[in-house]
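First up is the structure itself, then whatever we jot down about it.
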Amino acid sequence: MQDFQKGRYRVRLAQDMQDVRAAQSLRFATFRSTQNPHDYDEDQFDALCQHVMIEHIETNNLVGTFRFLELRNGRDICNSYASQYYGLENLEHYEGRLLEIGRFCIAPDMHDPDILRAAWGGLTRYVDDQNIDMLFGCSSFSGTKWEEFVDAFRFLKRNHLAPSEYRPSIKSTHTFNFAAQPLPQTNLPREKISIPPLLKTYLMMGGWVSDHAVIDHDLNTMHVFTGVEIKAIPASRKKLLRAIAS
Numbered sequence: 191m192q193d194f195q196k197g198r199y200r201v202r203l204a205q206d207m208q209d210v211r212a213a214q215s216l217r218f219a220t221f222r223s224t225q226n227p228h229d230y231d232e233d234q235f236d237a238l239c240q241h242v243m244i245e246h247i248e249t250n251n252l253v254g255t256f257r258f259l260e261l262r263n264g265r266d267i268c269n270s271y272a273s274q275y276y277g278l279e280n281l282e283h284y285e286g287r288l289l290e291i292g293r294f295c296i297a298p299d300m301h302d303p304d305i306l307r308a309a310w311g312g313l314t315r316y317v318d319d320q321n322i323d324m325l326f327g328c329s330s331f332s333g334t335k336w337e338e339f340v341d342a343f344r345f346l347k348r349n350h351l352a353p354s355e356y357r358p359s360i361k362s363t364h365t366f367n368f369a370a371q372p373l374p375q376t377n378l379p380r381e382k383i384s385i386p387p388l389l390k391t392y393l394m395m396g397g398w399v400s401d402h403a404v405i406d407h408d409l410n411t412m413h414v415f416t417g418v419e420i421k422a423i424p425a426s427r428k429k430l431l432r433a434i435a436s
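With the sequence shown counted from 1, adding 190 to any position gets you my numbering.
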């Protein structure tokens, strides 16, 4: 990934272990803020991934980060983070290049939507340069009680379930199979449904999700497997993403 600047923000790859540690520290502050604030969020996949730093240009402060793992095709998907939680046998025959996006987070005290735009600008450049065919990953809801997200799960069930040929099977012990059961009706207007920002972006690109959510007590989240085929992104959305990346 080439360095990329958009407005007040710079997007670049981590260059050394000091950069990776800064990313892990920000991840910890985001995902595990109730624990020791001077620790790191790290796992065995960090050594396999490229880490992206989103920095404020004037202050050099790290305001966002994510990591990605590039796979040659679906036969490598068993090496992904998501494969720990989802049965991905339906994607093992996928012949295109895949990019797994993970640990995406923005500093808890930052609320500028341009940070997310800058991240997608840098990512769009990489996807085009490397001829990526599919993005995938785990999109998280903050909390482990499905009742708090019932409107979002009903929306996903009605509009964004994965096509059968790609749909992940249940692998994790702790899941909420929202597509297999009736969900309480609350009559919340569509514009009021709370969808996490990253997942919302995937959905606007034509993304789809697993029919169940995995409950992650370690990170106090629920997540759904999310996939986006690049060729399926609406032309208007591709135009917008490439404008951001220019």
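Beta carbons: idealized from backbone N, C-alpha and C, even for Gly. None of the values given here were measured: they were computed from a predicted structure.
{"Asked": "So Gly264 packs on Leu281, CB below 8 Å; how close in whole Å?", "Found": "5 Å"}
{"Asked": "Find the nearest neighbour of Ser330 within the set Asp406, Asn250 and Asn349, judged by alpha-carbon distance.", "Found": "Asp406"}
{"Asked": "Flag this pair as yes or no: are the beta carbons of Gly333 and Ala272 separated by less than 9 Å?", "Found": "no"}
{"Asked": "Once the 5 residues before and after Val404 are set aside, which same chain residues still bring their CB inside 6 Å of it?", "Found": "Tyr275, Ser362, Thr365 and His413"}
{"Asked": "Could you spell out the range, first to last residue, of the alpha helix (DSSP H) harbouring Leu288?", "Found": "Premise fails: Leu288 lies in the beta strand (DSSP E), Leu288 to Ile296, not in any alpha helix (DSSP H)."}
{"Asked": "Please report how far the alpha carbon of Met191 lies from the alpha carbon of Asn250, in whole angstroms.", "Found": "19 Å"}
{"Asked": "Between Met324 and Glu419, is the Cβ-Cβ spacing less than 9 Å?", "Found": "yes"}
{"Asked": "Just how far apart, CA to CA, sit Gly254 and Phe221?", "Found": "13 Å"}
{"Asked": "Using a Cβ distance threshold of 8 Å, determine whether the stretch 302-319 contacts the stretch 335-349, with at least three qualifying pairs required.", "Found": "no"}
{"Asked": "For Ala213, tell me which candidate among Gly417, Ser270, Gly292 and Glu285 has the shortest Cα-Cα distance.", "Found": "Gly292"}
{"Asked": "Between the Cα of Ile360 and the Cα atoms of Met243, His241 and Asp401, which residue gives the shortest distance?", "Found": "Asp401"}
{"Asked": "Using the C-alpha atoms, what's the distance from Leu389 back to Pro298?", "Found": "18 Å"}
{"Asked": "Assuming Val242 and Leu203 are in contact, meaning their beta carbons sit under 8 Å apart, how far apart are those beta carbons, in whole angstroms?", "Found": "6 Å"}
{"Asked": "Use the C-beta contact count for Asp233: other C-beta atoms within 10 angstroms, 16 or more gives buried, fewer gives exposed.", "Found": "exposed"}
{"Asked": "Just the Cα atoms here: how many angstroms apart are Ser270 and Asp302?", "Found": "30 Å"}
{"Asked": "So, is the C-beta of Leu351 closer than 9 Å to a C-beta in chain B?", "Found": "Looking at the structure shown, chain B is missing, and only one protein chain is on hand."}
{"Asked": "Report all residues from its chain with a CB closer than 6 Å to the CB of Leu289; omit the five preceding and five following residues, and keep chain order.", "Found": "Phe258, Glu260, Ile322 and Leu325"}
{"Asked": "Since Phe415 sits in a beta bridge, which residues does DSSP pair it with?", "Found": "Cys328"}
{"Asked": "Shortest alpha-carbon distance to Asp209 belongs to which of Tyr230, Phe194, Lys196 and Gly197?", "Found": "Tyr230"}
{"Asked": "Tell whether a beta-carbon distance below 9 Å holds between Ile247 and Ile296.", "Found": "no"}
{"Asked": "Measuring CB to CB, does Phe345 end up less than 9 Å from Ile383?", "Found": "yes"}
{"Asked": "Is His350 near the ligand ADP, judged by its Cβ being under 8 Å from some heavy atom?", "Found": "Ligands displayed in this structure: none; no statement on the ligand ADP is therefore possible."}
{"Asked": "What span of residues does the alpha helix (DSSP H) with Gly333 cover, start to end?", "Found": "Per DSSP, Gly333 belongs to no alpha helix (DSSP H) and is neither H nor E."}
{"Asked": "When burial is assigned at 16 or more other CB atoms within 10 Å of the CB, is Lys335 buried or exposed?", "Found": "exposed"}
{"Asked": "Within the same chain, show all residues whose beta-carbon is closer than 6 Å to that of Val201, passing over the 5 residues directly before and after it, in chain order.", "Found": "Phe194, Ile244, Ala308 and Gly312"}
{"Asked": "As a quick exercise: from Glu355, Lys347, Ile267 and Tyr392, pick the residue whose alpha carbon is nearest that of Gln371.", "Found": "Lys347"}
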